[in-house]
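Remarks on the structure that follows.
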Amino acid sequence: MTDTKTTPGKVAKSEAEWRKELTPMQYAVLREKATERPFSGEYEHDKTPGTYLCAGCGQTLFESDAKFDSGCGWPSFTAPAGDGQIDEERDVSHGMIRTEVLCSQCSGHLGHVFPDGPGPTGLRYCINSAALKLKPR
1 MTDTKTTPGK VAKSEAEWRK ELTPMQYAVL REKATERPFS GEYEHDKTPG TYLCAGCGQT
61 LFESDAKFDS GCGWPSFTAP AGDGQIDEER DVSHGMIRTE VLCSQCSGHL GHVFPDGPGP
121 TGLRYCINSA ALKLKPR
């Protein structure tokens, strides 16, 4: 018996495969919906131009042009790189009501989106560094 999920168009891996391929922090964030400590992630202050990919499956998620310093302790972006890369779900954990963002390809937990960002979208995608891999330009 396997715990692999089979949804058309999605990355299908067993939890054992995810554990083997990801670092312990990446696994905790992407598969168990953990959050890295604020101001501890490798991309929090990174200003390297490039594309941020999902650390789980490699799908393009965000462009560095949309990154801004929100002061929240995690990399923040005003918008995803394109339509369809991000799925959203209601999150009522920890006594809060938030909008969780997930990679649409592998369903990995990325972080949350808040309506307090700068223009033009007014959104702040607050993303764990452990969920990302930067592909420099």
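Under the UniProt record's numbering, think of the first position of the sequence shown as 1, with each following residue one higher. Note that beta-carbon positions come from the ideal geometry of N, C-alpha and C, so glycine has one too.
Less than 8 Å between the C-beta atoms of residue 153 and P120, yes or no? There is no way to answer for residue 153, as the model of the chain reaches only from 1 to 137.
How would you label G47, buried or exposed, when you count the other beta carbons within 10 angstroms and need 16 or more for buried? Note that residue 47 is Lys in the sequence shown, not Gly. By the neighbour-count rule (16 or more Cβ atoms within 10 Å), K47 is not buried but exposed.
Does the distance from the CB of E32 to the CB of S129 come in under 8 Å? no
Just checking my contact of I127 with P75 at CB under 8 Å: how many whole Å lie between their CB atoms? 5 Å
Could you please give me the residues that DSSP links to R124 through a beta bridge? F114
From G71 to G82, what distance separates their C-alpha atoms? Their Cα atoms are separated by approximately 24 Å.
Check whether the Cβ of M96 lies closer than 8 Å to any Cβ atom in chain C. In the displayed structure, chain C is absent; only one protein chain is listed.
Who are the near neighbours of L30 in its chain, counting only those whose CB is closer than 7 Å to its CB and skipping five residues on each side? L22, A55, G56, G108, H109 and A131
Taking the beta strand (DSSP E) that P136 belongs to, which residues open and close that run? L132 to P136
Looking at the secondary structure, which residues open and close the beta strand (DSSP E) in which R90 lies? I86 to D91
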